[in-house]
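Chains as they are written, first to last, in our numbering: chain C, 1 to 303; chain Z, 304 to 662. Below is one structure, written out as structure tokens, with a few remarks after it.
Here's what the structure looks like:
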């Protein structure tokens, strides 16, 4: 039971991180469909760095940097050259799939050490809860810290309110004197950093070797999670755990020989995503205020 | 500092220049990346862009590869023109091929080639039904069609895998996940050329492309339906005032693009594979997105774009065989190409002005 919960948490962390980063980007008005690509780059970056420097912690840094690099490419085109965000995001995912395939080819067949667990003094000795909550790896703690941080950031900090203003009405935000493009650059790069670390987590903890397209649609599920969470940070935790649970449930089902074909079980996370989107979207269309109004629209004026 | 100043009207020159410049820039950046990763840039360039033209049968293979790309790209053009983001053509391709395959395998002794009309129709229906899911969710419940159509790609891939390993597996396949071979009536033959024989894999399916391109040109440029799609995409407000029903346009373009992707699936399987197997598509549905953009969302453009992208795909196969470069590398070129094409679109509408220092 305990092992099961730990696996569910581990499976949900990449989703959690990527979705949180994307949430910030979307709050600033940028829809980045390149999450899958940024996660892949994070994964390959982390693998390369760990093989080279032989320390899993460098994998986190390399993953973050790879994600930011991809996000910068996206930003140059969508923010500075005002290209269509949907198409550019798709392009980024296609680009990163090719780039990581090329960069990952020499890494095939090599295995990296896993990220160590950190026990928090005394707290980790609490029965059940202790080993689940206080015996995690660094990235798990980091992702919770990021969620708490951005919850407060968006709600109470001045910068957070400016960020939301830029996403809700870039024209007015610009007239008041806020640097719309710069803010969007930061937000997108933060998204890239989170997606990169999320991607890095996959080789660092889940499967310790490279295979082409190893993110297997997690970036797209992360995009769906942002909608599922109605752009409210803490709800991403709930959503990510549900999807982690579904993913593990189908693996357990396959392992225990449930009388359902394995392919149909493997469909579950994807079908669940569609069902979740459908349930939430019906409600969202009645209450439009949660969706950032300038989401996906290029900003032409200024600078 | 660079500033963008809106042009009075869309620059006609840029419509032609932008794709050409994009290709040049893409090759440049691609070579830069190859050099950086330690491959010989000139040899890569030769393998990817020149080697596909080195023999006549290779040229006909370009057409064979371009065939599904052009068919799917034409359908996607209708979606993208009306701001509907169907990125699940890969899944619609698979479901079209699967439904047609199911029908073909239900008539194991049929020989007449008229049967192909039925399987192609079945492919259209299969693809359209798969696209109907995002269509209905989008129009009734405002669910994002990008995510739904993409999730359905994964579902379709797993579904065909299940069908081919389960219900439709050929008992004589020695454990391989393959269906029975299609009956004669469901196969698309290679084109025999008098005196030469077959040119590579060139098959009669290419005729569908020759029908589709002029037909879609007429539809987009000369019919009310095409006009509505153009207006909806370029001026949604105007479309609203004119009373165009956005929902019915959304459903129509999704069904048409899904259907065309399904037809591409039938042609691909009937001409090149001849039976169902777990992998039927090899990413055509995703590549066609690039084809639609490179073709500037116009039928004639897509014809050329399909040929160009097919060349790169074949070139990448060659590069994999001769130089060991993984063939996913085409994605690298496709992505960069798309970035520059989209930038070109901005430059059509805006002039660049260089100014000194910060404004």
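Using N, Cα and C, we set each Cβ at its ideal position, and we do this for glycine too. Please read these numbers as outputs of a predicted model, since none were measured by experiment.
Closer than 7 Å by beta-carbon distance: list the chain Z residues that pair up with residue 81/C, in chain order.
646 and 649
DSSP state of residue 128/C, grouped into three classes?
coil
Quick one, are the C-beta atoms of residue 622/Z and residue 351/Z less than 8 Å apart?
yes
Tell me the DSSP secondary structure of residue 508/Z in three-state form.
coil
Given 7 Å as the limit, tell me if residue 353/Z has its C-beta closer than that to any heavy atom belonging to the ligand GDP.
Among the components of this structure there are no ligands whatsoever, and the ligand GDP is therefore not found.
Report the rounded CA-to-CA distance for residue 213/C versus residue 583/Z, giving the unit in angstroms.
18 Å
My output table needs one value for residue 627/Z: the three-state DSSP class, helix, strand or coil.
coil
Taking only beta carbons into account, state which residues of the stretch 330 to 351 of chain Z come closer than 7 Å to chain C, listed in chain order.
340
Under the DSSP definition of a beta bridge, which residues are partnered with residue 118/C?
136/C
6 Å CB neighbourhood of residue 403/Z in its chain, flanking five on each side removed
422, 425, 426 and 569
Unbroken beta strand (DSSP E) run spanning residue 81/C, endpoints:
Where residue 81/C is concerned, there is no enclosing beta strand (DSSP E), given that its DSSP letter is neither H nor E.
Find the residues of chain C that neighbour residue 464/Z, judging by a C-beta separation of less than 7 Å, and give them in chain order.
263
Please report how far the alpha carbon of residue 461/Z lies from the alpha carbon of residue 580/Z, in whole angstroms.
12 Å
Nearest to residue 203/C by alpha carbon, out of 7/C, 34/C and 60/C?
60/C
Quick one, which residues of the stretch 560 to 593 of chain Z are near chain C if we go by CB-CB under 9 Å, in chain order?
589, 590, 592 and 593
When you compare the CB positions of residue 234/C and residue 36/C, do they come within less than 8 Å of one another, or not?
no
What are the complete beta strand (DSSP E) segments, minimum 3 residues, inside the stretch 332 to 385 of chain Z?
none
Among 464/Z, 482/Z and 478/Z, the one whose alpha carbon lies nearest that of residue 471/Z:
482/Z
Could you name the residues of the same chain whose beta carbon sits closer than 7 Å to that of residue 613/Z, not counting the 5 residues immediately before and after it, in chain order?
365, 368, 369 and 372
Could you list the residues in the stretch 374 to 394 of chain Z with a C-beta less than 7 Å from some C-beta on chain C, going in chain order?
388 and 390
May I ask you to verify whether the stretch 559 to 576 of chain Z touches the stretch 541 to 551 of chain Z, counting CB pairs closer than 8 Å and requiring at least 3?
no
Contact belief for residue 588/Z with residue 386/Z at Cβ below 8 Å, rounded distance in angstroms
Wrong, their Cβ atoms sit about 19 Å apart, outside the cutoff.
Proximal chain C residues relative to residue 469/Z, where beta-carbon distance stays under 7 Å
261
Any beta-carbon of chain C closer than 8 Å to the one on residue 474/Z?
no
C-beta contact flag for residue 92/C and residue 73/C at 8 Å
yes
List the DSSP bridge partners of residue 307/Z.
655/Z
Can you list, in chain order, the residues of the stretch 447 to 462 of chain Z whose Cβ is nearer than 8 Å to any Cβ on chain C?
447, 449, 450, 451, 453, 454, 455, 457, 458, 461 and 462
Listed in chain order, which residues of the stretch 219 to 240 of chain C have Cβ atoms closer than 7 Å to some Cβ of chain Z?
220, 223, 224 and 227
Do residue 491/Z and residue 419/Z have their C-beta atoms within less than 8 Å of each other?
yes
Comparing alpha-carbon positions, which option in 230/C, 32/C, 272/C and 116/C lies nearest residue 249/C?
272/C
Do you know offhand how far residue 252/Z's Cα is from residue 501/Z's?
One cannot answer for residue 252/Z here, as it falls past the ends of chain Z, which runs 304 to 662.
If the criterion is Cβ atoms closer than 8 Å, does the pair residue 281/C and residue 227/C meet it?
yes
Distance, residue 152/C Cα to residue 173/C Cα:
21 Å
Where residue 629/Z meets chain C, residues with beta-carbon distance less than 7 Å:
101, 102 and 105
Which same chain residues end up closer than 6 Å to residue 192/C when comparing Cβ atoms and leaving out the 5 residues on each side of it in sequence?
38, 67, 68, 70 and 71
CB contact flag (residue 217/C, residue 11/C, <8 Å):
no
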